[in-house]
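Participant: Numbering (this note's numbering), first residue to last: 183 to 549. I have a structure I would like to understand better, so I am pasting it below and will then ask my questions one at a time.
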């Protein structure tokens, strides 16, 4: 089987979810699948060394022991690009990637390499995604967000870099296609890409659940602290309501609501939600957690006992505190970019299911 290099037309196009789907579904066919993030930027420490954080997710999925030099051979941490530009002779990035690739190919039936950003990312160290794919001798899979005009522009722009590098393109995956636009996107993109000689491997519909953050992510975004019930920080957030603008008519068809309030409206807002839930005969109030705004900068203003409302205590509702005011906190929450990680297994499962249902796995076998 060939080596696959999964690239995107930019950030948040779905490279990781696509790689998850491809890896898991090849594994389900009986193949021993390897994974590598040849160039990473956002990293964690593993065994005293840096590795891209996406590797941790695949370590769990594919059941391997993460070795940074094998699964994440190059990390462009802060300052590395400047050092490279001053004196590239001190770096062996290409050799490091080839060493990792050779090792992985020797122990796996198929290896999937996941790119970073758009196809040109990495050019600053002479290793764009296109160049890495060329060095690996891989076939490129391009992931692009579903649409028409901009989607075609992005496909043409990014595939041009692969073409220039001499990298064969296995095909494109049109991701996050809104259901109401699916027929139109297929009718327009399909013939146009066929005319250009670009195979479409699949159209994956947009699934809003993959964009739901968990409370851990919210806590990071608002630079908050947990006052009560940290065990609930894995709760998923489907929507949020500001305490000063609560529309109780939304409660009957939402779940996983994050309530964002200042402490003066805490009790009033909570009891309004409880009252409406009772009127609707809901089994429980659909609150995932509550953010209390206006905390002091040093985090000393609020104490847990200020928010020990019986419903909060009985149902173990997490309470987060942030120094930001309600409006600013809501803006920060609305701008959260959500990534799949080991804390969101339900997202992993859904990503694998979406790939299985919309991208025929036969297209990647015996090619």
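Even for Gly, the Cβ is constructed at its ideal location relative to N, Cα and C.
1) Under 6 Å Cβ to Cβ from residue 505, same chain only, skipping five residues before and after it: list those, please.
2) So, are the CB atoms of residue 207 and residue 543 less than 7 Å apart?
3) Buried or exposed, going by whether 16 or more other CB atoms sit within 10 Å of the CB of residue 335?
4) What first and last residue would you give for the alpha helix (DSSP H) that runs through residue 372?
5) Between which two residues does the alpha helix (DSSP H) carrying residue 551 extend?
6) Let's test the definition: count the other Cβ atoms within 10 Å of the Cβ of residue 434 and tell me whether it reaches 16, buried, or not, exposed.
7) Any contact between the stretch 516-533 and the stretch 364-377? By contact I mean 3 or more CB pairs, one from each, below 8 Å.
8) Could you name each continuous alpha helix (DSSP H) segment of 4 residues or more that falls completely within the stretch 445-483, going from the start of the chain to the end?
9) Taking the alpha carbon of residue 244 as the point to measure from, which residue in 362, 290, 443, 225 has its own alpha carbon closest?
10) Mind pulling the beta strand (DSSP E) runs of 3 or more residues that sit fully within the stretch 480-510?
11) By DSSP, does residue 192 sit in helix, in strand, or in coil?
12) Along the chain, where does the beta strand (DSSP E) that runs through residue 521 open and close?
13) If you draw a straight line from the C-alpha of residue 184 to the C-alpha of residue 264, how long is it?
14) Return the residue from the list 449, 298, 277 that minimises the CA-CA distance to residue 195.
15) Here's the rule I'm using: 16 or more other beta-carbon atoms within 10 Å means buried, otherwise exposed. How should residue 485 be labelled?
16) In whole angstroms, what separates the C-alpha of residue 325 from that of residue 496?
17) Contact between the stretch 450-468 and the stretch 379-396 is defined here as three or more beta-carbon pairs at a separation below 8 Å; is this criterion met?
18) Indicate whether residue 367 and residue 316 have their beta-carbon atoms separated by less than 7 Å.
19) Rounded to whole angstroms, how far is the Cβ of residue 300 from the Cβ of residue 192, which I believe are closer than 8 Å?
20) In whole angstroms, what is the alpha-carbon distance linking residue 285 and residue 252?
21) Could you give the distance in angstroms between the alpha-carbon of residue 424 and the alpha-carbon of residue 508?
22) For a quick check, are the C-beta atoms of residue 473 and residue 442 less than 7 Å apart?
23) Give the DSSP-derived three-state secondary structure of residue 234 in the structure shown.
Facilitator: Let's see:
1) 477, 479
2) yes
3) exposed
4) 364-377
5) With the chain represented from 183 up to 549, any question about residue 551 goes unanswered, as that position is not in the structure.
6) The pLDDT assigned to residue 434 is 48, lower than 50, so where the model puts this residue is not dependable; a value taken from the coordinates is nonetheless given after this. Flag for residue 434 reads exposed.
7) no
8) 448-461
9) 290
10) 501-503
11) coil
12) Run containing residue 521: none; DSSP gives neither H nor E here.
13) 35 Å
14) 298
15) exposed
16) 45 Å
17) no
18) no
19) 5 Å
20) 7 Å
21) 7 Å
22) yes
23) strand
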